[in-house]
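Written out below as structure tokens is the structure these notes cover.
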Amino acid sequence: GMPLRLVAGLAPPLLMAVLWGLLAAPRASFPLHAVADVAFQIAWFGVGALAFWAAGRPIAALVLTGVFAANALMLGAL
Numbered sequence: 121g122m123p124l125r126l127v128a129g130l131a132p133p134l135l136m137a138v139l140w141g142l143l144a145a146p147r148a149s150f151p152l153h154a155v156a157d158v159a160f161q162i163a164w165f166g167v168g169a170l171a172f173w174a175a176g177r178p179i180a181a182l183v184l185t186g187v188f189a190a191n192a193l194m195l196g197a198l
């Protein structure tokens with residue numbers, strides 16, 4: 121029903137926002153370091169790319185993946 125659809129639509133983005141705030145934001149409560157930070161970022165942007173792909177937007181998925189990879193390479197994270 122509608123309540124389940126609302127929870128299914130709102131819970132994942134809220135969970136991701138909380139995780140970003142706790143682990144990856146510039147003033148995170150529990151900042152990740154080194155390999156854990158890189159793994160978190162790959163997972164974070166990978167989920168976004170997969171969401172675009174699942175929504176039928178493969179070009180957006182590829183653009184997000186490319187921008188993430190270029191940014192990571194410029195910052196020396198990968």
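According to the numbering used here, the sequence shown is numbered sequentially starting from 121.
Cβ atoms here follow ideal geometry from the backbone N, Cα and C, with glycine treated the same way.
Between the region 180-190 and the region 162-172, do three or more beta carbon pairs fall short of 8 Å? yes
Going by C-alpha to C-alpha distance, which of 158, 159, 138, 156 sits closest to residue 149? 138
How about residue 136 and residue 164: are their beta carbons less than 9 Å apart? yes
Need the endpoints of the alpha helix (DSSP H) that residue 164 sits in, please. 154-174
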